[in-house]
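Undergrad: This is the structure, below, for whatever I ask next.
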Ligand SMILES: Cc1cc2nc3c(=O)[nH]c(=O)nc-3n(C[C@H](O)[C@H](O)[C@H](O)COP(=O)(O)O)c2cc1C
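Written as structure tokens, this is what we have:
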């Protein structure tokens, strides 16, 4: 029996959009907007927030929006509605990435509630990890989360392969640091200390003086020589952590959205078990390096995210635009 009122539905939809805004996005660009018509949420790409230099094809934009879509799905289910999702529903409207409706009543299972509870708590890590080991059964759970969205998470076990991922990431970082248009774009998304802006990478979310790990994975240089960054104790940041790569069989816009949904399931499950993730997407923004990784290290599948997973003592705060700024109610 369906006893929902339109006020209830409106409140559920607002909660779902608020959850969506807490998704990770490349440089915290938050490249999404939501239009609500009746009980339908339309997720749209905000191309004004696309990285024209770093991500001209919009792959990272769609991965980010895929993560936001996962949050909408989780929120609806956690609030008792089976989400009815249509991905890329209209080929004539490429900016329309998905529509979601609250469908039949469901009782949220424990897994859904666990992931939903992590949405605001999860944070990106940008340093080494403690030496505490990542339990194998947890990695298996993360692999299963990715598989549930049609993507593949592969923890990289071989030392030589880890060294190649590390070397390619450092090489990509060095090349990008010389690229003036790319650097200017990055600077535009670096949020200064104490800034009131509600997007961009906060200066408090990376260490002022990062400690090197062995093998090393270069971080993005958001500070660019300025004395920005947190002074949090670095003495525990000693380990590279577990290197893992998220891949998809194809490389279409649908695959990018699937990768984003898989990524968010992985991150929320990891967060629920006290694991953090660091991302290194520099090499994936360079066609030849991405292609090299695909052929040599990803069994011909398309790499969508390179990450390190481990245990930290982080407590950095996230910044987001309020839901009212990204939500249009008709
Ligand atoms: C597609 C994508 C690519 C990203 N690439 C990087 C990266 O190369 N380096 C990095 O430090 N963070 C990267 N991030 C993480 C974002 O910077 C982060 O999600 C954003 O700043 C919001 O912060 P939060 O995840 O702590 O909420 C990436 C995130 C996404 C979704």
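Residue numbers (the working numbering): 29 to 358. We treat Cβ as the ideally placed atom computed from N, Cα and C, and that holds for glycine.
Within its chain, find whatever has a CB closer than 7 Å to the CB of residue 146; leave out the 5 residues flanking it on each side and keep chain order.
TA: Correct list, in chain order: 296, 299 and 300.
Undergrad: Which of the three DSSP states, helix, strand or coil, is assigned to residue 245?
TA: Looking at residue 245 - three-state DSSP - the assignment turns out to be coil, as it is neither helix nor strand.
Undergrad: Helix, strand or coil: how does DSSP classify residue 185 here?
TA: If DSSP states are grouped into helix, strand and coil, residue 185 belongs with coil.
Undergrad: When you compare only the Cα positions, how much space is there between residue 105 and residue 207?
TA: The straight-line gap from Cα to Cα measures roughly 44 Å.
Undergrad: Would you mind listing the beta strand (DSSP E) stretches within the segment 96-144 that are 3+ residues and don't spill past its ends, in chain order?
TA: List check, beta strand (DSSP E) in window: 109-115 and 124-133.
Undergrad: With DSSP collapsed to three states, give me the class of residue 171.
TA: Looking at residue 171 - three-state DSSP - the assignment turns out to be helix.
Undergrad: Report buried or exposed for residue 29, applying the criterion of at least 16 other Cβ atoms within 10 angstroms of its Cβ.
TA: With a pLDDT of 42 at residue 29, under the threshold of 50, the predicted position of this residue should be treated as unreliable, though the coordinate-derived value follows. Looking at its Cβ environment, which holds fewer than 16 other Cβ atoms inside 10 Å, residue 29 is exposed.
Undergrad: Could you tell me the distance, in whole angstroms, from the CA atom of residue 315 to the CA atom of residue 305?
TA: Approximately 24 Å, taken between the alpha carbons.
Undergrad: Which partner residues does residue 357 have in the DSSP bridge list?
TA: Partner(s): 64.
Undergrad: Beta-carbon within less than 7 Å of residue 349's beta-carbon, same chain only, minus the 5 sequence neighbours each way: which residues are those?
TA: Only 49, 58, 226 and 227 meet the Cβ criterion.
Undergrad: Would you tell me roughly how many angstroms separate the C-alpha atoms of residue 259 and residue 142, rounded to the nearest one?
TA: Rounded to the nearest angstrom, the two C-alpha atoms are 32 Å apart.
Undergrad: Which residues bound the alpha helix (DSSP H) around residue 331?
TA: That residue, residue 331, is in no alpha helix (DSSP H); its beta strand (DSSP E) goes 330-338.
Undergrad: Any heavy atom of ligand 1 closer than 7 Å to the beta-carbon of residue 346?
TA: Yes, the Cβ of residue 346 comes within 7 Å of a heavy atom of ligand 1.
Undergrad: Under the DSSP definition of a beta bridge, which residues are partnered with residue 372?
TA: It is not possible to answer for residue 372, since the shown part of the chain is limited to 29 through 358.
Undergrad: What are the partner residues of residue 304, as DSSP defines its beta bridges?
TA: Answer is 338, bridged to residue 304.
Undergrad: Using the Cα positions of residue 209 and residue 81, report the straight-line distance between them to the nearest angstrom.
TA: One C-alpha to the other measures close to 7 Å.
Undergrad: Check the DSSP bridge columns for residue 190 and list the partner residues they point to.
TA: DSSP lists no partner for residue 190.
Undergrad: Determine the contact status of residue 311 and residue 334, defining contact as a CB-CB distance below 8 Å.
TA: Yes, the pair counts as a contact, with Cβ atoms nearer than the cut-off.
Undergrad: Does DSSP classify residue 80 as helix, strand or coil?
TA: Coil.
Undergrad: Count the other CB atoms, across all protein chains shown, that sit within 10 Å of the CB of residue 117; report buried if there are 16 or more and exposed otherwise.
TA: Classification for residue 117: exposed.
Undergrad: Going by the beta-carbon positions, is the gap between residue 313 and residue 64 smaller than 8 Å?
TA: No, the Cβ-Cβ distance between residue 313 and residue 64 is not below 8 Å.
Undergrad: Classify residue 75 as buried or exposed, calling it buried when 16 or more other Cβ atoms lie within 10 Å of its own Cβ.
TA: Per the 10 Å Cβ criterion, exposed.
Undergrad: Using C-beta distances below 8 Å, list every residue in its chain close to residue 202, excluding the 5 sequence neighbours before and after it, in chain order.
TA: Within the same chain, residue 202 has close Cβ partners 246.
Undergrad: Specify the secondary structure class of residue 147 as computed by DSSP and reduced to three states.
TA: Residue 147: coil per DSSP, three-state reduction.
Undergrad: Can you tell which of 72, 39, 99 and 95 has the C-alpha that lies nearest to the C-alpha of residue 354?
TA: Looking at the Cα atoms, 72 is the closest of the given residues.
Undergrad: At a cut-off of 7 Å, is residue 223 close to ligand 1 when judged by its beta-carbon and the heavy atoms of the ligand?
TA: No, the beta carbon of residue 223 sits no closer than 7 Å to any heavy atom of ligand 1.
Undergrad: Should residue 133 and residue 109 be called a contact, given that it needs their Cβ atoms to be closer than 8 Å?
TA: Result yes, Cβ atoms of residue 133 and residue 109 sit closer than 8 Å.
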